[in-house]
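Worksheet for the structure shown next.
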Amino acid sequence: MSRNQIIMVVAGCWIVAAVMGGIVNMLNANTNNDGRDEQTITQKGKPDTTTWKKIISDIEKFNPVPKKKPDITQENIAEPKERQLTDATLIGTVLTEQQRAILLLPGDTEPVVLSLGDQWLAPWSLTQIEQGRIVWQNDNTNQQQQQVLFQ
Numbered sequence: 064m065s066r067n068q069i070i071m072v073v074a075g076c077w078i079v080a081a082v083m084g085g086i087v088n089m090l091n092a093n094t095n096n097d098g099r100d101e102q103t104i105t106q107k108g109k110p111d112t113t114t115w116k117k118i119i120s121d122i123e124k125f126n127p128v129p130k131k132k133p134d135i136t137q138e139n140i141a142e143p144k145e146r147q148l149t150d151a152t153l154i155g156t157v158l159t160e161q162q163r164a165i166l167l168l169p170g171d172t173e174p175v176v177l178s179l180g181d182q183w184l185a186p187w188s189l190t191q192i193e194q195g196r197i198v199w200q201n202d203n204t205n206q207q208q209q210q211v212l213f214q
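Under our numbering, the first residue of the sequence shown carries the number 64, and numbering increases by one thereafter.
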């Protein structure tokens with residue numbers, strides 16, 4: 064046998080094997096598809112969810128023990144903190160003919176507009192309104208306290 068004939072025989076065997084492999088693969092693919100088309104999914108009633116809920120509730124991280132609230136007694140009750148001028152935040156000053164200061168008071172969501180002589184915390188009265196700052200004066204002691212924007 065010549066060298067060319069050997070190459071032709073090997074190539075022919077390889078081609079026959081490839082064609083046979085392709086045919087077998089196509090037959091398997093058709094068989095699998097037919098089985099999938101005929102399958103139907105059936106479900107009877109609602110799914111059982113109690114099993115996974117019980118398992119999750121047994122895990123401490125997902126079902127922590129509620130913390131006990133301390134009993135309220137006279138000793139536990141904190142005395143309310145005395146309000147100070149610094150509790151309010153100066154959010155703006157209006158320097159027109161009628162000068163005004165705009166403050167956000169503690170516990171409020173809406174700002175309050177005050178003019179000279181007004182007060183939000185007795186005995187402190189508003190005595191000066193300047194750009195970016197205001198001055199309060201204690202009516203009893205004449206002590207003055209300055210307040211600047213956003214502080």
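Built from N, CA and C at the ideal position, the CB exists for glycine as well.
Problem set entry | Where the alpha helix (DSSP H) containing I118 begins and where it ends | Your numbering for residue 118 matches position 55 in the sequence shown. T113 to D121 is the extent of the alpha helix (DSSP H) around I118.
Exercise. Taking all protein chains shown into account, do 16 or more other C-beta atoms lie within 10 angstroms of the C-beta of L158, making it buried, or fewer, making it exposed?
Worked result: If you number the sequence shown from 1, residue 158 lands on position 95. When all chains shown are included, L158 counts as exposed.
For this session: Go through the stretch 149-210 residue by residue and report every complete run of the beta strand (DSSP E) that reaches 3 residues or more, in order.
Result: Secondary structure remark: continuous beta strand (DSSP E) runs of at least 3 residues inside the stretch 149-210, in chain order: 152-157, 163-167, 175-178, 187-193 and 196-201.
For this session: Please list, in chain order, all residues of the same chain as D181 whose beta carbon is under 6 angstroms from its beta carbon, the five residues on each side excluded.
Result: As a first step, residue 181 is located in the sequence shown; it is residue number 118 there, counting from the start. Cβ neighbours of D181 within its own chain (closer than 6 angstroms, five residues either side excluded): L189.
Exercise. Quick one: is A151 buried, meaning 16 or more other Cβ sit within 10 Å of its Cβ, or exposed?
Worked result: Numbered from its first residue, the sequence shown carries residue 151 at position 88. Counting the other CB atoms within 10 Å of its CB gives A151 a total of 16 or more, which places it among the buried residues.
Problem set entry | Bridge partners - L90, DSSP secondary structure assignment | The sequence position of residue 90 within the sequence shown is 27, counting from 1. In DSSP, L90 forms no bridge with anything.
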